[in-house]
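Read top to bottom, the protein sequences are chains A and B. If you're matching positions, the first sequence starts at 79 in our numbering and goes up one per residue. If you're matching positions, the second sequence starts at 26 in our numbering and goes up one per residue.
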Amino acid sequence: MNIIETHELGRRYGTTWALQDCSLTIPAGHLTALVGPNGAGKTTLLNLVIGLSAPSAGNLTVLGDLRPGSLSALDGIGFVAQDVPVYRGFSVSDMVHLTKNLNRSFDVGYARQRLGDLGIDLRKRAGQLSGGQRAQLALTLALARHPRLLVLDEPTAALDPLARHDFMATVMAAMADDGVSVVLSSHLLAELERVADHLVLMSGGRVSLHGAVDDLLAEHRLVTTRSGPVTKDPLWEVVESSTAGAQTQQLVRLRSPESLPASEHDARPVGIEELAMAYLRTGGRHVGRVLEGAHR
Amino acid sequence: MTTLAPVPTSGTAISPVPLRQLAWVARRRNRATVLGLGGLLAALATYLVVTGLQAHAAYDDLGSCVPPITTDACRIRWDSFINGQGQRGLTGPLLLMLPGIVGAVVGAPLIGRELESGVFRYSWTQGAGRMRWAVAIIIPIVVLTAALMGSLGLLVAWRNGPVVDAGATQRLDTSTFPTTGVAVLGWTLLGLSAGVLAGLIWRRVVPAVASSFAAWFGLAYLASTVRPQLLTPLTSAGQPPVGSLDIADHWTKDGVGVPVSEVSSVLEKVGVQMREDGFSAQVEAGSPAPTDPITYLSDHGYIQVHSYQPDSRYWTFQWIELSWLVLVSLALLGLTFWLVRRRSI
Numbered sequence: 079m080n081i082i083e084t085h086e087l088g089r090r091y092g093t094t095w096a097l098q099d100c101s102l103t104i105p106a107g108h109l110t111a112l113v114g115p116n117g118a119g120k121t122t123l124l125n126l127v128i129g130l131s132a133p134s135a136g137n138l139t140v141l142g143d144l145r146p147g148s149l150s151a152l153d154g155i156g157f158v159a160q161d162v163p164v165y166r167g168f169s170v171s172d173m174v175h176l177t178k179n180l181n182r183s184f185d186v187g188y189a190r191q192r193l194g195d196l197g198i199d200l201r202k203r204a205g206q207l208s209g210g211q212r213a214q215l216a217l218t219l220a221l222a223r224h225p226r227l228l229v230l231d232e233p234t235a236a237l238d239p240l241a242r243h244d245f246m247a248t249v250m251a252a253m254a255d256d257g258v259s260v261v262l263s264s265h266l267l268a269e270l271e272r273v274a275d276h277l278v279l280m281s282g283g284r285v286s287l288h289g290a291v292d293d294l295l296a297e298h299r300l301v302t303t304r305s306g307p308v309t310k311d312p313l314w315e316v317v318e319s320s321t322a323g324a325q326t327q328q329l330v331r332l333r334s335p336e337s338l339p340a341s342e343h344d345a346r347p348v349g350i351e352e353l354a355m356a357y358l359r360t361g362g363r364h365v366g367r368v369l370e371g372a373h374r
Numbered sequence: 026m027t028t029l030a031p032v033p034t035s036g037t038a039i040s041p042v043p044l045r046q047l048a049w050v051a052r053r054r055n056r057a058t059v060l061g062l063g064g065l066l067a068a069l070a071t072y073l074v075v076t077g078l079q080a081h082a083a084y085d086d087l088g089s090c091v092p093p094i095t096t097d098a099c100r101i102r103w104d105s106f107i108n109g110q111g112q113r114g115l116t117g118p119l120l121l122m123l124p125g126i127v128g129a130v131v132g133a134p135l136i137g138r139e140l141e142s143g144v145f146r147y148s149w150t151q152g153a154g155r156m157r158w159a160v161a162i163i164i165p166i167v168v169l170t171a172a173l174m175g176s177l178g179l180l181v182a183w184r185n186g187p188v189v190d191a192g193a194t195q196r197l198d199t200s201t202f203p204t205t206g207v208a209v210l211g212w213t214l215l216g217l218s219a220g221v222l223a224g225l226i227w228r229r230v231v232p233a234v235a236s237s238f239a240a241w242f243g244l245a246y247l248a249s250t251v252r253p254q255l256l257t258p259l260t261s262a263g264q265p266p267v268g269s270l271d272i273a274d275h276w277t278k279d280g281v282g283v284p285v286s287e288v289s290s291v292l293e294k295v296g297v298q299m300r301e302d303g304f305s306a307q308v309e310a311g312s313p314a315p316t317d318p319i320t321y322l323s324d325h326g327y328i329q330v331h332s333y334q335p336d337s338r339y340w341t342f343q344w345i346e347l348s349w350l351v352l353v354s355l356a357l358l359g360l361t362f363w364l365v366r367r368r369s370i
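Okay, structure coming up:
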């Protein structure tokens, strides 16, 4: 089952397209990282997935074939929005009860135990919690619904490294225990490198690269040419090229994973961050259109 | 802890979140609002009870000295009663504005504050869905607020009773009519529904409160000017019955309308001046008592015709007022729910 499936999805604000031509298939059971700079369209895409926003073009389905925002879809998706909105005047306990009463099923025992483990006082007002605690509260509330899909919009942006680690540990534990699929957006790839097994790279309102991390790593190489003019090679297409002195470095996408570069080239595997940066710097030009203003 | 949520098969509708759960949401979400409103109305009610008891006691003292008043002694007592109980300073305008103020202050934050603070990204994405959430957040507090304001209206009517009975004001008078009966329910509903819609449109509480109150005030003013004409007024030769709302008057002679200037000049011949508030005559010492102008005029065929709304139409006007206000309020609430459903960020 595909947890998210979009087809030429677009969202326009006035005359500006915040998201355009987005065709994605995200299978269930993965942690998908949605990565891109600010303004890349990550939040727009996630708002469409949760049904806060309606598409201006194309279509999308979630949890198989459900319409985003429908009761069935909302029932199966736990969502933590950017900046972690909570009723600031409510106590933590009130937030637990509120979420319980706003949903068909809610695991109060799980919520209380997790909040206890985290040392979050149930009587404390939600507005008085630290950023890390607030994020953990929102995550706990979402997980206690035992959703099939967890959507997190920049959940760790405001957190210190330790809180960030704790947060991701909770997410990973839920994936192991519940089998929940996770889609998480971030402008920091480094923190997701070890945990994400699916990557969607966005810039300028478009998806510039997406796929399973292992597949993406297998089909990209960094090729260094020591001398002479750079020749085109039918085995790969060049994503990014940079020349320093007599040396030319090219990040290339192999036309098939078996077609490894010939031995006269110095080719080595790339890391996911290196790969992402190359795509973001070139604005995803090679996958199709030229993006204007995606990266300055 | 590892139980998976039941997986709905595709396409089948799931059972919605029970109303019992949403009732908790409604109570918790609007608790502070209800406490604040309750406090305000309790203070007002206390004031109304105290002044009402005073008014009733003073009215009992008045005994039979109510219009039509025949003796000078009675007139003095009646004047003193009116001066004491008929004037309520700012309470009158406050009570008139109250449904609009309460409606805007209670109504505008219901959706407006969610949108302003961004919490709607939490509350609209829970399993209940935004529509059920909106129903839970809006409907109970609207009903409760209207009920509280309706109760206050009963108290206002009771407090006004002695002043109305003494003939100092009328139940149909613009200054009291919308604050009593079922009209106060209608004006509260209008204030609330305008507030809720403004909150949704503005996405900020303060401008929503201001604009919805302004709209409410405009409509209330318009209604006060149109209301006396909604039913064809009755006419009477001479003063209309006690308790009637006097709308307009004109002079006639033998059934034909005559200008006031003609009446004025007729009176001047017998030494009586017409004034805004009655008649005056220059009387020299030793001369006979001046002619009674009313008698003189009627003897000469001049009759002042009043058009008025009788007190017996009070409830007819009340139900008319409630009906159209409920219709407008329902239209605004319907628009609100429709916009909530359609809203896309």
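Using N, Cα and C, we set each Cβ at its ideal position, and we do this for glycine too. On a predicted model such as this, the values are computed, not experimentally measured, just so you know.
| field | chain A contact for LEU47 of chain B (CB, 8 angstroms cutoff) | value | As a working mapping, residue 47 of chain B is identified with position 22 in the second sequence. It does; some Cβ of chain A falls within 8 angstroms.
| field | Sufficient close CB pairs (3 or more, under 8 angstroms) joining the stretch 282 to 299 of chain A to the stretch 135 to 153 of chain A | value | no
| field | Closer than 7 angstroms at the beta carbon, the chain A residues around ALA153 of chain B | value | As a working mapping, residue 153 of chain B is identified with position 128 in the second sequence. Within chain A, the residues near ALA153 of chain B are LEU180 and ASN181.
| Proximal residues of chain B, C-beta to C-beta of VAL278 of chain A below 7 angstroms | Counting from 1 along the first sequence, the entry for residue 278 of chain A is found at position 200. The contacting residues do not exist; VAL278 of chain A stays about 20 angstroms from chain B at best.
| Is GLY154 of chain A closer than 8 angstroms to PRO225 of chain A when the C-beta atoms are compared? | By one-based count along the first sequence, residue 225 of chain A stands at place 147. By one-based count along the first sequence, residue 154 of chain A stands at place 76. Cβ atoms of PRO225 of chain A and GLY154 of chain A: closer than 8 angstroms.
| message | Which residue wins for smallest C-alpha separation from GLY263 of chain B, given the options B:TYR327, B:SER337 and B:ALA161? | response | In the second sequence, residue 263 of chain B corresponds to position 238, counting from 1. Ranking B:TYR327, B:SER337 and B:ALA161 by Cα distance to GLY263 of chain B puts B:TYR327 first.
| Rounded C-alpha distance that separates THR84 of chain A from ALA354 of chain A | Counted from its first residue, the first sequence places residue 84 of chain A at position 6. Counted from its first residue, the first sequence places residue 354 of chain A at position 276. So the alpha carbons of these two residues sit roughly 22 angstroms apart.
| request: Using a cut-off of 9 angstroms between C-beta atoms, extract the partners of THR361 of chain B located in chain A. | output: Stepping through the second sequence from its first residue, residue 361 of chain B is reached at position 336. Within chain A, no residue comes near THR361 of chain B; the closest Cβ sits about 18 angstroms away, beyond 9 angstroms.
| task | Could you tell me whether any Cβ in chain B is nearer than 8 angstroms to the Cβ of GLY366 of chain A? | result | As a working mapping, residue 366 of chain A is identified with position 288 in the first sequence. Unreliable positioning characterises GLY366 of chain A in this predicted model, as indicated by a pLDDT of 37, which lies under 50. The coordinate reading is nonetheless provided below. Judged by the 8 angstroms Cβ criterion, GLY366 of chain A is not in contact with chain B.
| field | Three-pair Cβ contact test at 8 angstroms for the stretch 56 to 70 of chain B versus the stretch 170 to 181 of chain B | value | Touching, per the Cβ criterion.
| message | Between which two residues does the alpha helix (DSSP H) holding ASP344 of chain A run? | response | As a position in the first sequence, residue 344 of chain A is number 266, starting the count at 1. For ASP344 of chain A, there is no enclosing alpha helix (DSSP H); the residue is found in the beta strand (DSSP E) stretching over 344 to 347.
| What is the rounded straight-line gap between the Cα of PRO118 of chain B and the Cα of CYS90 of chain B? | Along the second sequence, read from residue 1 onward, the residue named residue 118 of chain B stands at position 93. Along the second sequence, read from residue 1 onward, the residue named residue 90 of chain B stands at position 65. Roughly 29 angstroms separates the two Cα atoms.
| Terminal residues of the beta strand (DSSP E) in which MET280 of chain A lies | Position 202 of the first sequence, counted from the start, is the residue given in the question as residue 280 of chain A. 276 to 281 is the span of the beta strand (DSSP E), which, as asked, contains MET280 of chain A.
| request: Work out the CA separation of VAL207 of chain B and ARG90 of chain A for me, nearest whole Å. | output: The residue labelled residue 90 of chain A in the question sits at position 12 within the first sequence. The residue labelled residue 207 of chain B in the question sits at position 182 within the second sequence. Between ARG90 of chain A and VAL207 of chain B, the C-alpha separation is close to 47 angstroms.
| said: Rounded to the nearest angstrom, what separates SER169 of chain A and GLN151 of chain B at their Cα positions? | reply: Indexing the first sequence from 1 puts residue 169 of chain A at position 91. Indexing the second sequence from 1 puts residue 151 of chain B at position 126. C-alpha separation (whole angstroms): 18 angstroms.
| task | Compute the Euclidean distance between the alpha carbons of SER319 of chain A and GLN325 of chain A, then round it to the nearest angstrom. | result | Along the first sequence, read from residue 1 onward, the residue named residue 319 of chain A stands at position 241. Along the first sequence, read from residue 1 onward, the residue named residue 325 of chain A stands at position 247. Answer to the nearest angstrom: the Cα atoms are 11 angstroms apart.
| query | Taking DSSP as the reference, what is the three-state secondary structure of ILE155 of chain A? | reply | Residue 155 of chain A sits at position 77 when you count from the first residue of the first sequence. Looking at ILE155 of chain A - three-state DSSP - the assignment turns out to be strand.
| request: Mind listing, in chain order, the continuous alpha helix (DSSP H) runs of no fewer than 4 residues lying wholly within the stretch 220 to 251 of chain B? | output: Within the stretch 220 to 251 of chain B, the complete alpha helix (DSSP H) runs of at least 4 residues are 230 to 251.
| Does the stretch 165 to 172 of chain B come within contact of the stretch 272 to 292 of chain B, defined as at least 3 CB pairs closer than 8 angstroms? | The way I'd put it, the stretch 165 to 172 of chain B doesn't touch the stretch 272 to 292 of chain B; fewer than three beta-carbon pairs between them come closer than 8 angstroms.
| field | Within-8 angstroms CB hit, GLY186 of chain B to chain A | value | Counted from its first residue, the second sequence places residue 186 of chain B at position 161. No, GLY186 of chain B lies away from the interface with chain A (no Cβ there is under 8 angstroms from its Cβ).
| query | With 8 angstroms set as the bound, which would you pick, yes or no: does the beta-carbon of TRP149 of chain B sit closer than that to a beta-carbon of chain A? | reply | Residue numbering aside, residue 149 of chain B sits at position 124 when the second sequence is read from its first letter. Chain A, which has a Cβ nearer than 8 angstroms to the Cβ of TRP149 of chain B, makes this yes.
| task | Check ARG56 of chain B in the structure and name its three-state DSSP category. | result | The residue you call residue 56 of chain B lines up with position 31 of the second sequence. In this structure, ARG56 of chain B counts as helix in the three-state DSSP scheme.
| With C-beta atoms as the reference, is ALA171 of chain B less than 8 angstroms away from PHE238 of chain B? | Mapped onto the second sequence, residue 171 of chain B falls at position 146. Mapped onto the second sequence, residue 238 of chain B falls at position 213. Cβ distance not < 8 angstroms, so ALA171 of chain B and PHE238 of chain B don't count as in contact.
| task | Go through the stretch 221 to 282 of chain A residue by residue and report every complete run of the beta strand (DSSP E) that reaches 3 residues or more, in order. | result | 227 to 231, 259 to 264 and 276 to 281
| If you measure beta-carbon to beta-carbon, which residues of the stretch 174 to 203 of chain A are closer than 9 angstroms to chain B? | HIS175, LEU176, THR177, LYS178, ASN179, LEU180, ASN181, ARG182, SER183, PHE184, ASP185, GLY187, TYR188 and GLN191
| query | So what does DSSP say about HIS364 of chain A, is it helix, strand or coil? | reply | Counting from 1 along the first sequence, the entry for residue 364 of chain A is found at position 286. Reliability fails at HIS364 of chain A, whose pLDDT of 45 lies under 50, so the model's placement of it is uncertain and no value is given.
| query | Is the CB-CB distance between HIS109 of chain B and TRP183 of chain B below 8 angstroms? | reply | Along the second sequence, one-based indexing puts residue 109 of chain B at 84. Along the second sequence, one-based indexing puts residue 183 of chain B at 158. For clarity, residue 109 of chain B is Gly in the given sequence; the question names His instead. Their beta carbons are not under 8 angstroms apart, which means GLY109 of chain B does not touch TRP183 of chain B by this criterion.
| Going by the CB atoms, is the gap between LEU237 of chain A and LEU228 of chain A shorter than 8 angstroms? | Reading the first sequence from its first residue, position 150 is the one you call residue 228 of chain A. Reading the first sequence from its first residue, position 159 is the one you call residue 237 of chain A. Not closer than 8 angstroms, so no.
| task | Determine, using beta carbons only, whether VAL50 of chain B comes closer than 8 angstroms to chain A. | result | Locating residue 50 of chain B in the second sequence gives position 25, counting from the first residue. For VAL50 of chain B, the closest Cβ of chain A is nearer than 8 angstroms.
| task | Starting from VAL127 of chain A, find everything on chain B with Cβ-Cβ shorter than 8 angstroms and list it in chain order. | result | In the first sequence, residue 127 of chain A corresponds to position 49, counting from 1. By Cβ distance, chain B contributes nothing, its closest Cβ being about 10 angstroms from VAL127 of chain A, past 8 angstroms.
| Segment contact flag, the stretch 243 to 262 of chain B with the stretch 131 to 139 of chain B, C-beta cutoff 8 angstroms, min 3 pairs | no
| message | For PRO187 of chain B and GLY88 of chain B, what's the separation of their Cα atoms in angstroms? | response | The residue you call residue 187 of chain B lines up with position 162 of the second sequence. The residue you call residue 88 of chain B lines up with position 63 of the second sequence. Distance between the alpha carbons of PRO187 of chain B and GLY88 of chain B is about 11 angstroms.
| Can you tell which of B:LEU214, B:ALA161, B:VAL181 and B:THR96 has the C-alpha that lies nearest to the C-alpha of THR71 of chain B? | Here residue 71 of chain B is taken as the residue at index 46 of the second sequence, counted from 1. Cα-wise, what sits closest to THR71 of chain B is B:VAL181.
| query | What's the C-alpha gap between ALA111 of chain A and SER171 of chain A? | reply | For the purposes of this step, residue 111 of chain A is taken as residue 33 along the first sequence, with counting starting at 1. For the purposes of this step, residue 171 of chain A is taken as residue 93 along the first sequence, with counting starting at 1. Approximately 31 angstroms, taken between the alpha carbons.
| Are there three or more Cβ pairs, one per stretch, closer than 8 angstroms when the stretch 234 to 251 of chain B is compared with the stretch 204 to 219 of chain B? | yes
| alpha helix (DSSP H) segment containing THR165 of chain A, residue limits | As a first step, residue 165 of chain A is located in the first sequence; it is residue number 87 there, counting from the start. Contrary to the premise, residue 165 of chain A reads as Tyr rather than Thr in this sequence. Looking at the DSSP string, TYR165 of chain A is not in any alpha helix (DSSP H), and its letter there is neither H nor E.
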